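Single-structure report; data block below.
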Amino acid sequence: MTTSDLSDAAVVEISARHRRAFADLVSSLDATQLAAPSLCAGWDVRTVAGHLVSALTTTIPSFLAQVLWARGNLDRAVDRAARREATRPVEELVAVLRERADSSVAPPGIGTRGPMTDAIVHTGDVVVPLGLPFDPDPADVCVALNFVVGRVPPGFTTKHRVAGLRFVADDARFDAGQGAQVRGRAIDVLLAVCGRPAVLDRLTGDGVATLAGRLTRR
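Residues in the sequence shown are numbered from 12 upward in steps of one, following our numbering.
Written as structure tokens, this is what we have:
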């Protein structure tokens with residue numbers, strides 16, 4: 012079975028594992044670490060946690076109302092929801108992530124692979140700037156890579172970013188795209204494809220410079 016053949020139930024199981032791992036991570040951080048900048052522009056670590064919680068607590072009608080409030084600006088609506096949830100005590104954020112880890116709720120048109128990818132990528136957004144180890148199961152990461160590189164879903168990457176590049180994982184069976192090569196650990200490839208230039212120095216290949224240029228011009 013390939014990662015593209017996984018059932019929604021199997022994908023939700025992956026999401027649950029990473030949500031629980033993220034909850035464990037957040038519960039282990041001190042106040043200084045929670046206030047540290049993440050790889051998400053404008054968000055500290057606590058707000059990243061708020062974002063993952065908001066994805067589990069916001070109903071579709073409520074989110075549509077927020078998008079309407081933001082005059083159609085999806086990023087603004089997401090930012091508002093994340094900041095609202097981030098005002099909760101850390102213990103509440105952790106509790107929600109654990110209690111609702113098995114949620115199968117997914118944005119329309121995106122599917123269950125969206126929240127799963129979100130959980131993995133946003134964990135990287137926290138651990139990379141904090142200098143903490145991050146070694147997610149490469150098989151899980153490849154599910155996210157197939158989703159992001161294969162479908163190029165909005166909110167995760169863009170066609171311009173991945174065009175003319177071949178992405179290869181050193182620690183898993185992942186090889187997708189055509190052109191100049193970008194290779195490294197699956198998680199580092201995923202974070203770069205999702206627009207995190209902080210991991211570019213972990214990658215090799217004649218396509219890294221091209222990808223770096225695209226990320227810095229975004």
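The beta carbon of each residue, even a glycine, is placed where N, CA and C say it ideally should be.
Only a predicted model underlies this, so the values are computations on that prediction, with no experimental measurement involved.
Could you have a look at residue i and say whether DSSP puts it in helix, strand or coil?
| i | result |
| --- | --- |
| arginine 177 | strand |
| proline 48 | strand |
| arginine 196 | coil |
| glycine 188 | strand |
| threonine 134 | helix |
| threonine 68 | helix |
| aspartate 6 | It is not possible to answer for residue 6, since the shown part of the chain is limited to 12 through 229. |
| threonine 168 | coil |
| aspartate 212 | helix |
| aspartate 55 | strand |
| glycine 122 | coil |
| leucine 108 | helix |
| methionine 12 | With a pLDDT of 42 at methionine 12, under the threshold of 50, the predicted position of this residue should be treated as unreliable, though the coordinate-derived value follows. Here methionine 12 sits in coil by DSSP. |
| proline 140 | helix |
Can you tell me whether residue i is buried or exposed, with buried defined as 16 or more other CB within 10 angstroms of its CB?
| i | result |
| --- | --- |
| leucine 54 | For the sequence presented, residue 54 should be read as tryptophan rather than leucine. Tryptophan 54 should be labelled buried. |
| alanine 130 | buried |
| leucine 143 | exposed |
| serine 18 | exposed |
| alanine 76 | exposed |
| isoleucine 71 | exposed |
| serine 26 | buried |
| alanine 20 | exposed |
| threonine 98 | exposed |
| aspartate 90 | buried |
Assuming contact is defined by CB atoms lying nearer than 8 Å, are residue i and residue j in contact in what I supplied?
| i | j | result |
| --- | --- | --- |
| leucine 67 | arginine 57 | no |
| asparagine 125 | proline 149 | One detail in the question is off: residue 125 reads as glycine in this sequence, not asparagine. No, these two residues do not count as a Cβ contact at 8 Å. |
| alanine 88 | valine 78 | yes |
| valine 204 | valine 173 | yes |
| serine 251 | valine 105 | Outside the displayed range of the chain (12 to 229) lies residue 251, so it cannot be described from this structure. |
| valine 159 | threonine 128 | yes |
| leucine 36 | valine 132 | no |
Keeping to the same chain, check which residues put their C-beta closer than 6 Å to that of residue i; ignore five residues upstream and five downstream.
| i | result |
| --- | --- |
| threonine 227 | none |
| threonine 215 | Arg194 |
| glutamate 96 | Gly61, Val64, Ser65 |
| arginine 30 | Leu108, Ala112, Ala130 |
| alanine 81 | Arg87, Ala88 |
Give the single residue among the options whose Cα lies nearest to the Cα of residue i.
| i | options | result |
| --- | --- | --- |
| alanine 112 | Gly206, Ala81, Thr43, Val23 | Val23 |
| threonine 168 | Leu222, Leu141, Asp146 | Leu222 |
| cysteine 51 | Arg225, Asp217, Arg207 | Arg207 |
| threonine 43 | Leu141, Arg30, Ile121 | Leu141 |
| leucine 85 | Asp182, Gly166, Asp35, Ala20 | Gly166 |
| phenylalanine 74 | Arg28, Gly161, Val116, Ala21 | Val116 |
| proline 147 | Gly175, Val59, Glu110, Asp182 | Asp182 |
| threonine 69 | Pro118, Phe33, Arg28 | Pro118 |
| serine 114 | Val59, Ala47, Arg28 | Arg28 |
| glutamate 103 | Gly120, Thr123, Ala34, Gly83 | Ala34 |
Among the residues of its own chain, which have a CB less than 8 Å from the CB of residue i, if the five just before and after it don't count?
| i | result |
| --- | --- |
| alanine 180 | Pro149, Val152, Cys153, Leu156, Asp186, Arg194, Gly195, Arg196, Ala197, Val200 |
| phenylalanine 145 | Thr134, Gly135, Val138, Val139, Ile198 |
Looking only at its own chain, which residues have a Cβ that is under 7 Å from the Cβ of residue i, when we skip the five neighbours before and after it?
| i | result |
| --- | --- |
| glutamine 189 | Arg177 |
| valine 219 | Val193, Leu211 |
| lysine 170 | Val163 |
| leucine 250 | No answer is possible for residue 250: it lies beyond the span of the chain, which begins at 12 and ends at 229. |
| glutamate 110 | none |
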